[in-house]
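Chains as they are written, first to last, in the numbering used here: chain A, 1 to 490; chain B, 1001 to 1255; chain C, 2001 to 2436. Glycine residues also receive a C-beta, built at the ideal position from the N, C-alpha and C atoms. Computed from a predicted model, the values in this text were never measured in an experiment.
So this is what it looks like as structure tokens:
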């Protein structure tokens, strides 16, 4: 009997060892001529970025206000993370592929870049484009291509790079930029506000149900570059959009910073569904290198009956610091957060959400699944706040953690605040356990290998979240889970 | 005693009961049978006064009073008792204390004095013995940690203590083994008398082997599609509910 | 705002020095006070920028003019004390009036293997050995602990001998009387339950309705291998008083600890409960209830440390809030590396009776071992409508049903209090408080 347990333990240990060694398959580098500014951060760099993008004055002013404010701020230390000091003067704040000539169409994008995205599974050429998904491809600091833009335009949907939006729709940028995440919001959002270089802009006009999924793919390539992009999505009354986001980076020994800001605005009866599969380079198995992913994502359900739904599968990054949130301002508005966060080796994740209930009859749901292996630490951190005006509102949160090794950590830090409100209700439940011995045994008894059994249980554990992903993404996410955790299992 | 006319009931804007007609006189036992989802429990909850169930049209008269205007506790004090299919667990509230408070509320409504603690306990213990409940349940919280069968017995205990005039038993037989079913039925039969009416809501015929109904009604998709004597139950048992497919309404069209 | 706020007013009553009333007292007591004082002066009191104090603001304390009179000369009328003294819940009780041990009202039942005395006496008689373990339980001393230590001069000292079960609880009563000039009391209790012993302690804090005072108390409990300790705390201080109470517990192997807290009083109350299971096979059970009204603020702050394998913990807090009251629950379950076969559950639930009441809840799991089963749940809301309907369907009126369910919500916790004298007393308090 004891022998059997020891054998099983041994097998588990072997399996977890394999997991630790699993490969990051997006770790290649692209050789291409880049237009790069020097390392370091000062007002001149901020002005230079703005100048390179030929921005209107209001935007430069906004960047400068953010930069000046940032200089007064300290990096937050409240997360359950050990962060090596970041030298903000050692980071390159702008790098864009050198344009050989003025681009007239997507087909004129540099072959190296097309190639890069091909290898990432995101073909950009007209004839090979993913059907049913429009893509904005961001390479280091700039958007290099946006597919289906023209087709979407026919419906009045604006889907373009942030830079183009600044040029072509300054009134929308002026109105909405910083309206959900103000430039003073937090250390990383403020930094982003000062130096952001590009990103994605979506505008869905009144009553339009966006006919295809919109997506951004973020790629960090240059060494020492920090990627600071912004995404702004505006869904007008009665409109609806599905947005997908993916990200990867080469394997490098140095940590690289990614500090993005995403703002979503949903007006009356509008729906935004935002899905992310985050697969930044996580560092090697000794914890060397990897992306520092410090992202501020927030949506406001500004109109009545609006809905914002966040789904994320976080498998990458050395450090993840990310809390996609909803401000439920409109009456009857709905916020959702579905998350799977996987950490392995020396990865650290502190992720969760905030649901701020302001409107009447607002509802929010939080489903979070954390999986930790190796020496990693995985924390859920979430806030649910019911204010006095949010009468008859509801929240339900379920946060589960699965432990796959005895050297890792799984933590849950919910914050529940109900202020002067006795008609609303908040319920939070959380569990932490190791992978079930009985379940493993049952599956093995039915002939499954240990690896398949673990894979099956982990997938089952995440099912509620994976079900929320659009089809194209769900498949990728499952594959990613397998790679992140199941080693040779394919 | 009870007169239901053209009752339409909805919950969350979904119509569940679509024109029910039912009359129950003093001393009668009516069985309402029907497949799952036919609206049986909705009928119970509507008569008992659950707020989520809103009466869209039609009426329920009880002893000549319009029930729709009465709070659930007033209905209870006037003699309506619903034994629920899934009695709720209430931790922290002592079962004896709960029962005595309920009995005194009913008595007060009738202009009677509160029952003495000692007399009450004697009465409860006697009734508990009759239906085979362990006295331990007096010390426990209302239904908390009770098995399915214990919960049903606790409902019957309340029935025999509160002595209502109209008892609605919602699937009281479900989850009971044969011995428990016998005991519970005996409890119900003891309760029954010329002044007491009973509505039995059940899925299966077997309860009717122990409690003889005067009338049997078949509820399907929110309507009573067939009514008859106790022989109807046997026929149903034999031929299944499918036998009645196609019947839309047995009597009295409602608009 | 800074992370700490200077609070010289809290330390000023000591004048330039520390308390050195008892010359016989060992150097250790002097050092304890000196160290407490200097550490407190370094920090002051924590502001809401400190995570542990995020929802409880102590800064009103810095604006009060405190006095400290351990040897007040104006005698308090015994008849008055008699009138205010709550009924004793044990044949063995120690009474502290305004922080000072009262021989007159205390009664110690001499029992073999049970050492009971007050801190002053123990210091005077030079039995310093008893205090060897003081300060070893609990996490790193915080500002309030340091403040308590600076004033360390009274409290109860109890040692239960090996394998001793006295068979009765010890009732500690802390009574505030005629404390008109913002007095402070800093009792420090030390309980040592030797191997295999069994002990039950009741702490009761109360005061007359007119006093204004600040109680800052620490009870430290050492539970040696195989010992079992039950702790009860009943707090009914008046609504203009401040109460910070820390319960620091350290457990050996195969020990049992039961903490039962009932809070009714205080303008501002903070209950710190910290239990460290420093041996395998132990269990910690922490139960709490509170009923708040008016502008009361209560913060239950708990930490349970699973530092060894095969330990079990349960924690349940239920509270009812009326008026503009505010409750905070901040409970952490910590499972250290290697603490396998941990079983831990935690629940915190609040019932809001009033639209002006607020709750902040922060249950946390911090887990560094894999073979664990941990869960927590937290809810804030109203009475369950299904239960309300059930009671009404049996003839019980709406208001009566609300009252029954509200007190049932707290009785759910009370049922777990093993001492029936204590739970009976609390049940009476509940019945008189809950009016819907």
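- Residue 1140 of chain B and residue 1208 of chain B have their C-alpha atoms spaced approximately 32 Å apart.
- Taken in chain order, the members of the stretch 416-438 of chain A whose beta-carbon sits within less than 8 Å of a beta-carbon on chain C are 416, 417, 418, 419, 420, 421, 422, 423, 424, 425, 426, 427, 428, 429, 430, 431, 432, 433, 434.
- In the three-state reduction of the DSSP assignment, residue 2185 of chain C falls in the strand class, which pools E and B.
- In the DSSP assignment, residue 355 of chain A falls within the beta strand (DSSP E) that extends over 348-357.
- For the C-beta of residue 2362 of chain C, the chain A residues within less than 8 Å are, from N- to C-terminus, 413, 414, 415, 416.
- For residue 411 of chain A, the beta-bridge partners assigned by DSSP are A:379, C:2366.
- Per DSSP, residue 155 of chain A lies in no beta strand (DSSP E) segment and is marked neither H nor E.
- Listed along the chain, the chain C residues whose CB falls inside 7 Å of the CB of residue 406 of chain A are 2369, 2370.
- Linking residue 37 of chain A to residue 368 of chain A through their CA atoms gives a straight-line distance of about 40 Å.
- Around residue 2341 of chain C, no beta-carbon contact reaches into chain A at under 7 Å, the shortest distance being about 11 Å.
- If you draw a straight line from the Cα of residue 1103 of chain B to the Cα of residue 1078 of chain B, it is about 12 Å long.
- Flagged as an interface residue toward chain C: residue 1082 of chain B, by a C-beta distance shorter than 8 Å.
- In the structure shown, the three-state DSSP call for residue 1128 of chain B is helix.
- A distance of 8 Å or more separates the beta carbons of residue 332 of chain A and residue 293 of chain A.
- Judged by their CB atoms, residue 217 of chain A and residue 133 of chain A are not nearer to each other than the 8 Å cut-off.
- Chain C has a Cβ within less than 8 Å of the Cβ of residue 403 of chain A.
- For residue 2398 of chain C, the three-state secondary structure derived from DSSP is helix.
- In this structure, the straight-line span from the alpha carbon of residue 209 of chain A to that of residue 241 of chain A is close to 6 Å.
- Apart from sequence neighbours up to five positions away, the residues of its chain that approach residue 237 of chain A with a beta-carbon distance below 8 Å are 206, 207, 267, 268, 269, 270, 303, ordered along the chain.
- In this structure, the CA atom of residue 2344 of chain C is about 18 Å from the CA atom of residue 379 of chain A.
- Per DSSP, the beta-bridge partners of residue 2117 of chain C are C:2157.
- Nearest neighbour of residue 2080 of chain C by Cα position, chosen from C:2208, C:2373, C:2432, turns out to be C:2208.
- In the DSSP annotation of this structure, residue 2108 of chain C is not part of any beta strand (DSSP E), being labelled neither H nor E.
- Within the same chain, and ignoring the five residues on either side of residue 2281 of chain C in sequence, the residues whose Cβ sits closer than 6 Å to its Cβ are 2253, 2254, 2310.
- Using a CB distance cut-off of 8 Å, residue 409 of chain A counts as an interface residue toward chain C.
- Listed along chain C, the residues sitting closer than 8 Å to residue 78 of chain A by beta-carbon distance are 2051.
- Against chain C, the beta carbon of residue 1167 of chain B has no neighbour under 9 Å; the closest one sits roughly 12 Å away.
- The stretch 2223-2234 of chain C and the stretch 2194-2205 of chain C touch, with three or more beta-carbon pairs separated by less than 8 Å.
- Taking residue 224 of chain A as the centre and dropping the five residues before and after it, the same chain places the C-beta of 39, 90, 91, 92, 254, 256 closer than 8 Å to its C-beta, in chain order.
- Nearest CB-CB separation between residue 1124 of chain B and chain C: not below the 8 Å threshold.
- DSSP, read as helix, strand or coil, puts residue 1239 of chain B in helix.
- Take residue 2378 of chain C, set aside five residues on each side of it, and the residues of its chain with a beta-carbon closer than 6 Å to its own are 2348, 2361, 2363, in chain order.
- Secondary structure in the stretch 276-304 of chain A: the beta strand (DSSP E) runs of 3 residues or longer, each lying completely within the stretch, are 290-301 in chain order.
- Contacts between residue 2313 of chain C and chain A, judged by CB atoms closer than 8 Å, are missing: the closest CB pair is about 13 Å apart.
- In this structure, DSSP gives residue 2341 of chain C a state outside helix and strand, which the three-state scheme calls coil.
- Rounded to the nearest angstrom, the Cβ distance from residue 2333 of chain C to residue 2374 of chain C is 6 Å, consistent with a contact under 8 Å.
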